[in-house]
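Mapping of the sequence shown onto my numbering: residues 1498 to 2109, in sequence order.
All residues carry an ideal CB built from backbone N, CA and C; glycine is no exception.
It should be emphasised that the depicted structure is a prediction, and the values quoted were computed from it without experimental measurement.
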Amino acid sequence: MLKQKLTLPALMVGAVLGISGCQQESAATQDTQAKTKALTSADAKQFLKDAQTELEKLQLPAAQAAWAYATYINRDTAAVSAYLSEKLSVRTSELAKAAAKFNDVEVDAGTRRQLNLLKNSFVLAPPADPAKSERLSKISSELDGMYGKGKYCPSEDVCWSLGEMTSQMASVRDHEKLLDIWQGWREVAPPMKPLYEEMVTLANEGAMDLGFADTSDLWRGKYDMPADDFAAELDRNWNQVKPLYEALHCHVRAELGEHYGTDVVPQDEPIPAHLLGNMWAQTWGNIYELVKPEQEMQVADVTQALEEQGYDEIKMVKQAESFFSSLGFEPLPETFWERSQFSKPRDRDVICHASAWNLDDKDDLRIKMCIKKTGEEFNVIHHELGHNYYQRAYNQQPLLYRGSANDGFHEAIGDTIALSITPKYLKQIGLIDDIPDASNDIGMLLQVALDKIAFLPFGLMVDQWRWKVFSGEVSPEQYNQAWWELREKYQGVQAPVERDADAFDPGAKYHVPGNTPYTRYFLAHILQFQFHKALCEIAGDQGPIHRCSIYGSEKAGKALNDMLEMGMSKPWQDALETMTGSRQMDASTIAEYFAPLKDWLDEQNQGRQCGW
Ligand code: X8Z
Ligand code: ZN
C-alpha cells in the first residue's frame, strides 16, 4: 500500500495517531494576533506557508519511526512511532482548526483548496482531549502490530505466518485443509474487537471536532464532490460492471461445484469463501486451473517463467524498475536499494503487507514487502513502484498538494503499468519464447478477470461496512454479521462455517486494523483500465487493448508524468482529463477490454442457474 499515513499523505502519519498539548508557537500565536485586525488573503497565504514549514519538520521523524516499527515490531518501536505520529497528528488538527478563521475571507481557488486539504487530510482525527488522542494513537499502533505479528499454530510445534497461509490458500485443493487455514488465520481478530470499538468512538470525536458528522463523513469528503454524490458515483460504476461480475461468478461457482461437489458448493447460494484461492476471496486468479476453458489454451505462466529464468527478489524489482525507465522515468535512487525491505526477515516480526514509502518528500523512497517469487507478486512490485514514481513526480508541489489526484489514482498507477505485462512484453524481456495467438485470448482474459473483475465487489464492500460502523448504523454487536451480509450482497460469497459470537472477521483483513481506506482500490480498478486505454492510444498501439503494452513508449511516459506531477493541486477531474480527455470515472473501458470474455462466459452459463 501507499503508506498514505506517511506522505500528505505524509500529514496522515499523524492523522491516525495523535499527541496533544504540544506547544509549538507559530500558528497559534499568529491566530491571537490576527483577531485584532481583519484577516486578508495575504494572511491566509502566510498561514499556509508557516503551517507547511512546521508540519514538514514533524513529518520526517514520524515517518522514520513508523518505518522502524513496521520493519521491526517491538515495544520500543511501537512507543516511539505512536508518540511521534501523535505529535504530528495533533499539530495538524490544531492547524486545521485554526484554518477555519479564513472561512469567510476571500481567497483565490488554490489557497481555498489548501485550507480545505488541511482539514481533510486525516484518516483518524485526534480528539482535542490529550488523554484521548494519546489513547487513539496507541490503539491504532497496537492494532497494526497485532495484525503484523499474527500467526496460526495448527499444532504445538507448527506455526504458520500469513505469508505461508497465503501460499497454501493459493495452491491447496482439499477443502477441509483450506477451511482449517481460513478459520485459523481469523483467530487473529477477536482480540482486536474491543480496541476497534474504542477506536471508532475516539476517531469520531476527533472528526466531529473538525466539523464532520463522523469519520465516514470525513472519509467520503475527499473526492472534490459532495459525499453523497460520491457514493452515487460508486454505485453507478458498480452497476456498469455488475453483469460481467455476475457472469464470472456464475461460471466459477459451476466449475467449483464440478470440482468439489455441489454439497460443498451449492449452486443456488453464495460461494463458500475458502475455495477461491485467496485468504479473503478478493482475487481468484489462483484457481484458474479449476475454471479454465476446456479447450487447451496457451496462457503465460509468469511464476514458472520467473523460476526458469532464475529471477530472485531483487531481479524482480529491477525488472519492474526497467519498465518505468523505458517510459522515460529516472532510475530509482541508490538509497532505495539500500533501505527497502524486499524479503521477510527471519529473526523478527514485521508488517509484511506490501507498502511504498516516501520518507522525506524528496528522494528517500522505499518499498516494504516480503516478496515471494510468483507472477502475482511481480504485479504487486509494479503496484508499489507506481506509488514511488508518483511520490517522486509530485515532490516539487507544496506540501499540501503532495498526494494523488484522489486516492484511487495512487493505487492505479502501478496497476496500469502491470496491465502492460502482456505476452508481447514478456517475450521482449525474455520471460517467454512465443506470443500465443489470438485463439488463446479467452484464457488470458479469464486469468485477468479472475483477479481484476472478481476484486471489484470486495473493493466496494469493505468501506460500505466501515462507513456504517463509523456512522453508528452498525453497532459493535452487529460488526461481524453486517460484514457477512455485505460480503453476500456484493460478492456473492459466504462464510464457509457459522461464525462464533466473538468473531471479528473484518479484523483479519490488513486494511481494517491498519486503518487504510479501501474504496481507493475499487476506484483504482476502474481507473487503471481508463489509464491503460488512454496510454495505449498515445503510444500508438493498434491492437485490442488487452494485448497492448506501453513498454518503451516515452510518449506515453510523458503523458503519464504530466498527470503525476500535478499531485493534488487540482480537482481529480482535471487530472483525469489531462491524461484521458474524460472528466468521469467510467467502467465502460472494462466492458470493452473484456468484451470477448463476456460473450464466452454467457455461452458457458447457458442453462446454468446464476445468481445467489
Ligand atoms: O493493499 C494493497 C497493496 C498496497 S497499497 C498491496 N492492495 C489491496 C489489498 O491487498 O487488499 C492492492 C490491491 C488491493
Ligand atoms: Zn497501493
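With distances taken Cα to Cα, identify the nearest neighbour of Pro-1688 among Asp-1912, Ile-2023, Ala-2000. Ala-2000
CB-CB under 8 Å to Lys-1674, same chain, minus the five flanking residues each way: which ones, in chain order? Gln-1665
If we ignore side chains and look at the alpha-carbon of each, how far apart do Met-1643 and Ser-1652 end up? 21 Å
Could you tell me which of Val-1587, Asn-1613, Ser-1917 sits nearest to Ala-1628, measuring between CA atoms? Val-1587
Please go through the same chain and pick out, in chain order, the residues whose beta-carbon is closer than 6 Å to the beta-carbon of Arg-1984, but skip the five residues on each side of it. Val-1990
For Ser-1901, the nearest candidate out of His-2029, Asn-1783, Glu-2062, Arg-2044 (CA to CA): Glu-2062
For Asn-1783, is the classification buried or exposed, using 16 other Cβ atoms within 10 angstroms of its Cβ as the cut-off for buried? buried
Name the two residues that bound the continuous beta strand (DSSP E) containing Arg-1588. Careful: Arg-1588 lies outside any beta strand (DSSP E), inside the alpha helix (DSSP H) at 1572-1596.
Residue environment, Pro-1954, which counts as buried when at least 16 other CB atoms sit within 10 Å: buried
Drop a sphere of 10 angstroms on the beta-carbon of Ser-2046, count the other beta-carbons inside from all chains shown, and report buried for 16 or more, exposed for fewer. buried
Are Gly-1940 and Val-1796 touching if we call contact CB-CB under 9 Å? yes
Taking C-beta to C-beta, are Ile-1914 and Phe-2026 nearer than 9 Å? no
Considering only heavy atoms of the ligand ZN, does any lie closer than 8 Å to the CB of His-1884? yes
Nearer than 8 Å: is that true of the beta carbon of Ser-1852 relative to any heavy atom of the ligand ZN? yes
Does DSSP put Lys-1865 in a helix, in a strand, or in coil? strand
Contact check, Leu-1615 vs Ala-1579 under 8 Å by CB: the rounded distance? Their Cβ separation, rounded to whole angstroms, is 23 Å, which puts Leu-1615 and Ala-1579 out of contact at 8 Å.
Would you list the residues sitting across from Tyr-1649 in a DSSP beta bridge? Trp-1657
Beta-carbon gap between Asp-1948 and Trp-1679 smaller than 9 Å: no
Distance, Leu-1555 Cα to Asp-1861 Cα: 16 Å
On the three-state DSSP scale, how would you describe Pro-1769? strand
Per DSSP, which one or two residues make a beta bridge with Val-1990? Ile-1768
Simplified DSSP state of Trp-1854, which is helix, strand or coil: strand
Collapsed DSSP secondary structure at Gln-1838 in the structure displayed: strand
Consider the C-beta atom of Gln-1779 and the heavy atoms of the ligand X8Z; say whether any pair is separated by less than 8 Å. yes
Between the alpha carbons of Gln-1893 and Trp-1962, how many angstroms are there, rounded? 37 Å
Contact test: Tyr-1987 Cβ vs the ligand X8Z heavy atom, cutoff 8 Å: no
Suppose you measure from the CA of Val-1602 to the CA of Leu-1536; what does that come to, to the nearest Å? 7 Å
Residue ranges of each alpha helix (DSSP H) run of no fewer than 4 residues wholly in the stretch 1937-1994, ordered along the chain? 1938-1968, 1976-1983
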